[in-house]
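In this note's numbering, the protein residues as written are 8 to 275.
All C-beta atoms, glycine included, are put in the ideal place defined by N, C-alpha and C.
Keep in mind it's a predicted model, so treat the numbers as computed, not measured.
These notes are about the structure you will find just below.
Below you can see the structure in the form of structure tokens.
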């Protein structure tokens, strides 16, 4: 049985697509998959079965994953205990778990897993940064850039996060496209936002390595302000963040694409 982690993005969501560093962390919930020999390639998930040659997105994603691995006919059964579309990396966890299961079954090199999982993700998300699949595969707390990939961050102390679903989720692809439109319409303003987020991410790494939770909480709140300026927040997310702060959270922000879905709050 192959397994992969879900994820939260602590800081740097959306900006990571444009080359800015981001910090992500694997979470306990995730996905698992099992592969077995078959006469035709198929994927079973949530009671739904698709063949690799079907013309639906899930089948296209599975087909793309198998193509990278160079795998033949295989039946993969997968399950996820993450809510879909909430910004917690459900599709990335499924992609990594499925790729790992196929590699285990066919005795393939697991070094192929990252690219296979990204091929799966591109069908659903268009231009994924790779941070979700990196967190799904590696777990732990990670510093990530599109060019340099993932590096582990050594935490000075354990971090307690509360994760809540603030409201109905929005499509990651649609939120990414909305941010891209802002970039095209106001490139100078957009670049200033990216520069601001990059500064917050770099300071957050220092706070994590020093164990300074209060500083990290303030950086959460500042990152949320900049994400609001990119119009990826909404009333449900802002309300959830306000509730968390009023209950004693050191900081709170959306995680993932925004437009709904999950909020994370940092606790003592």
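Can you give me the Cβ contacts of residue i inside the same chain, cut-off strictly under 6 Å, excluding the 5 residues immediately before and after it?
{"i": "residue 287", "result": "Examination of residue 287 is not possible in this model, given that the chain is present from 8 through 275 alone."}
{"i": "residue 251", "result": "259, 272"}
{"i": "residue 11", "result": "37, 38, 100, 103, 104, 143"}
{"i": "residue 268", "result": "93, 94, 176"}
Closest to residue i by CA distance: which of the options is it?
{"i": "residue 167", "options": "137, 257, 142, 230", "result": "257"}
{"i": "residue 179", "options": "264, 235, 114, 236", "result": "264"}
{"i": "residue 60", "options": "71, 192, 128", "result": "71"}
{"i": "residue 133", "options": "95, 182, 158, 155", "result": "182"}
{"i": "residue 208", "options": "238, 249, 152", "result": "152"}
{"i": "residue 20", "options": "135, 221, 155", "result": "135"}
{"i": "residue 215", "options": "53, 235, 165", "result": "165"}
{"i": "residue 25", "options": "171, 158, 194", "result": "194"}
{"i": "residue 156", "options": "140, 169, 233", "result": "140"}
Does residue i come out as helix, strand or coil in the three-state DSSP assignment?
{"i": "residue 41", "result": "strand"}
{"i": "residue 262", "result": "coil"}
{"i": "residue 172", "result": "strand"}
{"i": "residue 84", "result": "strand"}
{"i": "residue 144", "result": "helix"}
{"i": "residue 121", "result": "helix"}
{"i": "residue 12", "result": "strand"}
{"i": "residue 108", "result": "helix"}
{"i": "residue 163", "result": "coil"}
{"i": "residue 55", "result": "strand"}
{"i": "residue 36", "result": "strand"}
{"i": "residue 48", "result": "coil"}
{"i": "residue 93", "result": "coil"}
Less than 8 Å between C-beta atoms, sequence neighbours within five positions excluded: which residues of the same chain meet that for residue i?
{"i": "residue 56", "result": "49, 50"}
{"i": "residue 116", "result": "110"}
{"i": "residue 44", "result": "80, 81, 82, 112"}
{"i": "residue 131", "result": "64, 68, 98, 179, 180"}
Kindly list the residues whose CB is nearer than 7 Å to the CB of residue i, restricted to its own chain and excluding five residues on each side of it in sequence; keep chain order.
{"i": "residue 75", "result": "119, 122, 123, 126"}
{"i": "residue 8", "result": "39, 41"}
{"i": "residue 217", "result": "163"}
{"i": "residue 210", "result": "226"}
{"i": "residue 212", "result": "30, 150, 160"}
{"i": "residue 190", "result": "197"}
Determine, using beta-carbon pairs with one atom in the stretch 223–237 and one in the stretch 250–270, whether at least three such pairs fall under 8 Å.
yes
Inter-stretch contact (C-beta, 8 Å, three-pair minimum) for the stretch 18–37 and the stretch 188–205:
yes
At least 3 beta-carbon pairs within less than 8 Å: the stretch 59–73 vs the stretch 11–24
Counting Cβ pairs under 8 Å, fewer than three are found: no touch.
Any contact of the stretch 169–185 with the stretch 239–248, i.e. 3+ C-beta pairs under 8 Å?
A contact exists between the stretch 169–185 and the stretch 239–248.
Which ranges does the beta strand (DSSP E) cover as unbroken runs of at least 3 residues, wholly within the stretch 181–253, from first to last along the chain?
none
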